Amino acid sequence: MFPQCKFSREFLHPRYWLTWFGLGVLWLWVQLPYPVLCFLGTRIGAMARPFLKRRESIARKNLELCFPQHSAEEREKMIAENFRSLGMALVETGMAWFWPDSRVRKWFDVEGLDNLKRAQMQNRGVMVVGVHFMSLELGGRVMGLCQPMMATYRPHNNQLMEWVQTRGRMRSNKAMIGRNNLRGIVGALKKGEAVWFAPDQDYG
């Protein structure tokens with residue numbers, strides 16, 4: 029019913045070597061102290077902005093439509109902050125996939141968890157509605173440490189990345205459910221599971 033997290037010898041093929049290199053750099057990077065990661069992440073996000081003109085243009089147009097009451101200068105500050113968050117998102121993805129539980133637990137606090145636990149104790153299925161914030165990967169790891177659950181997702185086109193992201197997300201959660209697997213979602217809820225779902229993404 030759900031994707032399996034299995035390593036394949038195919039991942040050793042040369043076409044995946046660049047992906048392996050990037051993952052290795054990310055793993056080494058997130059071994060640094062968290063304050064250093066925050067500094068580097070925000071700076072790298074800012075430096076990436078000139079190379080992501082299309083995303084910058086989309087962000088600017090979205091802000092013009094959503095916040096017409098703000099001045100152009102205010103919206104530009106929001107775009108700059110967004111790119112700093114983008115850099116941190118890369119760092120936090122590495123933290124979510126590669127950090128041990130003990131290190132993750134040092135850096136978060138959760139409010140309102142009793143509501144979820146109360147519903148789970150009654151064996152009721154819970155749809156946890158979220159959105160695709162920059163902190164999505166780390167947020168999922170944190171939620172799993174507090175209350176292991178299932179989550180809907182879009183499979184990655186790169187099979188090695190699919191294996192890595194599924195393995196990382198399963199470190200503290202029960203299962204990943206493909207975005208088109210409606211039967212799996214309904215079945216999990218009927219069994220009293222908590223299922224994370226983000227309606228802000230087109231699930232086809």
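Going by the working numbering, the first residue of the sequence shown is number 29, and it counts up by one from there.
Every residue, glycine too, gets a C-beta built ideally from N, C-alpha and C.
For clarity, every value in this text was computed on a predicted model and none was experimentally measured.
Integer Cβ distance of residue i from residue j, believed to fall under 8 Å
i    : j    : result
R88  : R103 : 7 Å
R169 : A124 : 4 Å
V156 : V223 : 7 Å
L173 : S130 : Not a contact, Cβ separation roughly 10 Å.
S163 : A117 : 7 Å
E165 : T121 : 4 Å
G115 : G73  : 2 Å
M106 : L93  : At roughly 13 Å, the Cβ-Cβ gap does not stay under 8 Å, so M106 and L93 are not in contact.
M178 : A216 : 5 Å
Q97  : L144 : No, Q97 and L144 are not in contact; Cβ-Cβ is about 36 Å, not under 8 Å.
R207 : T180 : 5 Å
In DSSP terms, what residue i is bridged to
i    : result
W57  : Beta-bridge pairing links W57 to no other residue.
A124 : None; A124 has no bridge partner.
M155 : V223
Residue i to residue j span [Cα, whole Å]
i    : j    : result
C66  : W55  : 15 Å
V154 : M171 : 14 Å
W57  : V119 : 8 Å
R77  : R146 : 44 Å
G212 : I205 : 7 Å
G220 : K81  : 45 Å
Q148 : G69  : 36 Å
F136 : L51  : 24 Å
L188 : R182 : 14 Å
Q150 : V138 : 21 Å
W48  : N185 : 15 Å
L40  : R195 : 17 Å
G42  : F161 : Here residue 42 turns out to be Pro, not Gly, going by the sequence shown. So the two alpha carbons sit approximately 33 Å from each other.
L210 : D228 : 17 Å
Residue burial classification, residue i (beta-carbon count within 10 angstroms, cutoff 16)
i    : result
F111 : buried
Q193 : buried
L46  : exposed
R197 : buried
W127 : buried
R37  : exposed
Near the ligand FAD: residue i beta-carbon under 8 Å from a heavy atom
i    : result
E102 : Because no ligand of any kind appears in the structure shown, any question about the ligand FAD cannot be addressed here.
(message) Restricting to runs no shorter than 4 residues, where is the alpha helix (DSSP H) found entirely within the stretch 40 to 93?
(response) Taken in chain order, the complete alpha helix (DSSP H) segments of 4 residues or longer contained in the stretch 40 to 93 are 45 to 57, 62 to 76.
(request) Please go through the stretch 158 to 231 and give each complete alpha helix (DSSP H) segment of 4 or more residues, from N-terminal end onward. (result) 164 to 174, 187 to 197, 210 to 218
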